[in-house]
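Asks: Numbering (full-length UniProt numbering), first residue to last: 1 to 154.
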Amino acid sequence: MPDTNSIQCTACERFIDQVKSMLSSNPTPDEIKNAMNKVCQMVPFIYQSRCRQLVNQYEDQIIPMLQSSFTSEQICSRIGLCSSDIEVFQVSTSETQSPDSNSAQCKLCTLVIDKVKSTLRKKATKSEIAADLGKVCSMMLPIFVGPCKILVKK
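1. Rounding to the nearest angstrom, what Cα-Cα distance links Arg14 and Val145 in this structure?
2. Considering only their Cβ atoms, is the gap separating Gln67 from Ile79 smaller than 7 Å?
3. Pairs of beta-carbons, one from the segment 22-34 and one from the segment 42-49, closer than 8 Å: are there three or more?
4. May I ask you to report which of helix, strand or coil DSSP gives Val43?
5. Tell me, to the nearest whole angstrom, how far the beta carbon of Ile16 is from that of Cys76; I am working on the premise that it is less than 8 Å.
6. Can you name, in chain order, every residue of its own chain whose Cβ lies under 8 Å from the Cβ of Thr119, other than the five neighbours on each side?
7. Beta-carbon within less than 6 Å of Lys135's beta-carbon, same chain only, minus the 5 sequence neighbours each way: which residues are those?
8. Just mark Gln74 as buried or exposed, buried being the case when its beta carbon has 16 or more other beta carbons within 10 Å.
9. May I have the straight-line CA-CA distance separating Tyr58 from Thr125, to the nearest angstrom?
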């Protein structure tokens with residue numbers, strides 16, 4: 001479940017809901033960008049700069065999710081502004097394609113798998129494995145750190 005107590009989570013979900021209310025049934029990327037910018041103009045002035053900064057940071061991730069009818073909870077969880085145990089394991093069909101072997105996603109996955117193999121060869125304890133994987137999580141982009149740590153805990 002999303003962390004509904006988090007201010008950033010709630011703000012993100014409200015932002016996405018507001019953007020969705022401004023969109024037609026098959027929005028183009030430009031329509032989505034325009035709607036996100038309009039919503040940023042509607043927030044209190046002291047938050048507008050941060051809003052635009054977050055839009056610029058996450059728009060490449062948000063746009064395809066809005067085009068695919070993701071819920072605000074799913075979008076905010078996937079970009080890391082809400083935590084969710086469930087979202088980590090739900091993969092849309094568009095994400096099941098194999099990444100390019102030179103992509104950052106592939107390199108990151110390879111790094112994690114290599115670390116797991118190395119740790120298992122040492123016949124490490126469960127807590128040692130978790131500690132090693134926690135270090136790998138810390139090297140990830142901020143939006144992936146939370147979901148990674150959730151996986152490590154499991």
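Note that beta-carbon positions come from the ideal geometry of N, C-alpha and C, so glycine has one too.
Replies: Well, looking at it:
1. Between Arg14 and Val145, the alpha-carbon positions lie close to 23 Å from each other.
2. One thing to note: Ile79 has its Cβ no nearer than 7 Å to the Cβ of Gln67.
3. In short, these stretches do not touch, since the Cβ pair count stays below three.
4. It is coil, neither helix nor strand.
5. That pair is a contact at about 6 Å.
6. Glu128, Ile129, Asp132 and Leu133, listed in sequence order.
7. Here the set comprises nothing.
8. With 16 or more Cβ atoms within 10 Å of its Cβ, Gln74 is classed as buried.
9. Tyr58 and Thr125 have their C-alpha atoms roughly 38 Å apart.
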